[in-house]
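Report on the following structure.
Written out as structure tokens, the structure is:
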């Protein structure tokens, strides 16, 4: 970690798809300081670049002054902006013999067998990523169904283009993707998919992969309970022996479209300094990311980061914008509170709880497993039974799908006294003041 502490830290260096305590650090930001990033697109670019060991290209880990294991990082997301002019995406098809156990992790040339081969670009299309050793098509992925989207100047809408538009963008792919100088991925626009032309979509950018460094090195796209399943029993260097070993994750790969400007993310600290990292910005996405991929873009973020001392979290907590909360989980209005107090008096209820909303992140092999994980985390965090968690979430919250097959946001209007005991009350109050 850097000994120099910056009030404002600009991060412009990235990993080759890994997160962990041995990654080179980006620097140290002051407790209460600001981090700015310009990150390359996640998912598709790294996926088609065999040099990568994971499916994203995230920043090097950022140390935060005073952060130690057993603390939490509070990340206020001040801004998320798209810099790409266009992107390509869709549902994926894996290429046989171009990988071992995992097409996101252990790449190999299907012809000469070189592991994580260096590659060069020859032309455009799905055959353009070539092994530098033997010249074979070395990418692990193509499109099962794919499309190319171009954005307006203000990045408010995007439209899918046909063959001519996709070909034009493929021939200026680096420029159109606005890849940062230190990015090492091949831009996915090279593949020029052109299905579904003429579809107009609204943009609302968010951060797909943001969190703290896990205790063990993991592929960045697999730092979650669903994608992490691919590591169990795998024979590559990041294979895990069993489900229990996956508890080392910090669930940075959320793909929640509510992790956007105005939201606050509270992350567990597992290594000295915390190791905050950022990447995989998306221009938009429907709940669940149903194609497993969406509009991956380069973009900038501005984050204010502070430390909550001695606040131990089993997983991340999201405080979304109030407008993103389920209706029944929004903070009480003064009128609702007054009506509730009148009912409490009428029916001899001694205490009407003050309550504020939080979202407990859960992840697992399936949506049901992820929800069970969120129940367990909420129960552990607040020292209440799972039955009470389920009841409060039914009456004053709900569960939302961030990503299939298994990342959820469990929303609950939480009694303030429980937030106080967990050390979270001031942070939640600040979000919903």
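In this note's numbering, the protein residues as written are 64 to 496.
Using N, Cα and C, we set each Cβ at its ideal position, and we do this for glycine too.
Give me the DSSP bridge partner(s) of residue 151. Note: residue 151 is bridge-paired with 211 in the DSSP secondary-structure output.
With C-beta atoms as the reference, is residue 236 less than 8 Å away from residue 147? No, these two residues do not count as a Cβ contact at 8 Å.
Here's a check: name, in chain order, each residue in its chain whose Cβ is nearer than 8 Å to the Cβ of residue 309, leaving out the five neighbours to either side. Spatial neighbours of residue 309 in its own chain (CB-CB distance under 8 Å, excluding positions within 5 residues in sequence) are listed in chain order as 288, 291, 292, 294, 295, 303.
What residues match up with residue 365 in a beta bridge as DSSP calls it? Beta-bridge pairing links residue 365 to 99, 142.
Pairwise C-alpha distance: residue 471 and residue 492: Whole-angstrom Cα-Cα distance: 23 Å.
Of the choices 149, 180, 297, whose alpha-carbon is the least far from that of residue 251? Distance from the Cα of residue 251 is smallest, within the candidate group 149, 180, 297, for 149.
Residue ranges of each alpha helix (DSSP H) within the segment 303-330, 4 or longer: With a minimum length of 4 residues, there is no unbroken run of alpha helix (DSSP H) contained wholly in the segment 303-330.
Do residue 315 and residue 274 have their beta-carbon atoms positioned less than 8 Å apart in this structure? Note that the C-beta distance between residue 274 and residue 315 is below 8 Å.
Do residue 158 and residue 191 count as a contact pair if the criterion is CB distance below 8 Å? Residue 158 is positioned such that its CB atom lies no closer than 8 Å to that of residue 191.
Does residue 175 pass the burial test, meaning 16 or more other C-beta atoms within 10 Å, or should it be called exposed? Per the 10 Å Cβ criterion, exposed.
Identity of the residues DSSP links to residue 356 by a beta bridge: For residue 356, which the question treats as bridged, DSSP gives no partner whatsoever.
Check whether the Cβ atoms of residue 280 and residue 136 lie closer than 8 Å to each other. Result no, Cβ atoms of residue 280 and residue 136 do not sit closer than 8 Å.
Do the segment 184-198 and the segment 254-268 meet, that is, are 3 or more Cβ pairs less than 8 Å apart? The segment 184-198 makes contact with the segment 254-268; the number of CB pairs closer than 8 Å reaches 3 or more.
Residue range of the unbroken alpha helix (DSSP H) whose run includes residue 436: Taken as a continuous stretch (DSSP letters only), the alpha helix (DSSP H) holding residue 436 covers 430-445.
Counted within 10 angstroms of its Cβ, other Cβ atoms place residue 67 as buried (16 or more) or exposed: Result: exposed.
Three-pair Cβ contact test at 8 Å for the segment 205-217 versus the segment 166-173: Contact fails: fewer than three Cβ-Cβ distances are below 8 Å.
Answer yes if the segment 480-487 comes into contact with the segment 123-132, meaning at least three C-beta pairs across the two stretches below 8 Å, and no otherwise. The segment 123-132 vs the segment 480-487: no contact.
Under 8 Å between the Cβ atoms of residue 344 and residue 450? No, the Cβ-Cβ distance between residue 344 and residue 450 is not below 8 Å.
Excluding the five sequence neighbours on either side, which residues of its own chain have a C-beta within less than 7 Å of the C-beta of residue 233, listed in chain order? Closer than 7 Å at the Cβ level, and outside the excluded window around residue 233, lie 187, 252, 253, 255.
Decide if residue 352 is buried, meaning its Cβ has at least 16 other Cβ atoms within 10 Å, or exposed. By the 10 Å Cβ count, residue 352 comes out buried.
Integer Cβ distance of residue 424 from residue 437, believed to fall under 8 Å: Rounded, the Cβ-Cβ distance is 7 Å, consistent with contact.
For the candidate residues 494, 446, 479, 429, whose alpha-carbon lies nearest to that of residue 469? With distances taken between Cα atoms, residue 469 lies closest to 429.
Could you pull the DSSP bridge partners for residue 285 from this structure? DSSP lists no partner for residue 285.
For the segment 450-460 against the segment 389-397, do three or more pairs of beta-carbon atoms, one drawn from each stretch, fall closer than 8 Å, so that the two count as touching? Put simply, the segment 450-460 touches the segment 389-397. At least three CB pairs are less than 8 Å apart.
For the alpha helix (DSSP H) containing residue 336, name the first residue and the last one. Counted as a single uninterrupted DSSP element, the stretch harbouring residue 336 is not any alpha helix (DSSP H), since DSSP gives it neither H nor E.
Same chain, Cβ closer than 7 Å to residue 387, neighbours up to 5 away in sequence not counted: Correct list, in chain order: 321.
Residue from 205, 106, 155, 113 whose Cα sits closest to the Cα of residue 162: If we check each option's Cα against that of residue 162, 113 comes out closest.
Between residue 165 and residue 312, what straight-line distance do the alpha-carbon atoms span, to the nearest angstrom? In this structure, the alpha-carbon of residue 165 lies about 18 Å from that of residue 312.
Enclosing beta strand (DSSP E) for residue 497 [first to last residue]: As shown, the chain starts at 64 and ends at 496. That puts residue 497 outside it, with no answer to give.
Residues of its chain near residue 327, where Cβ-Cβ distance is below 6 Å and the 5 sequence neighbours each way are ignored: Excluding sequence neighbours, residue 327 sits near 139, 382, 494.
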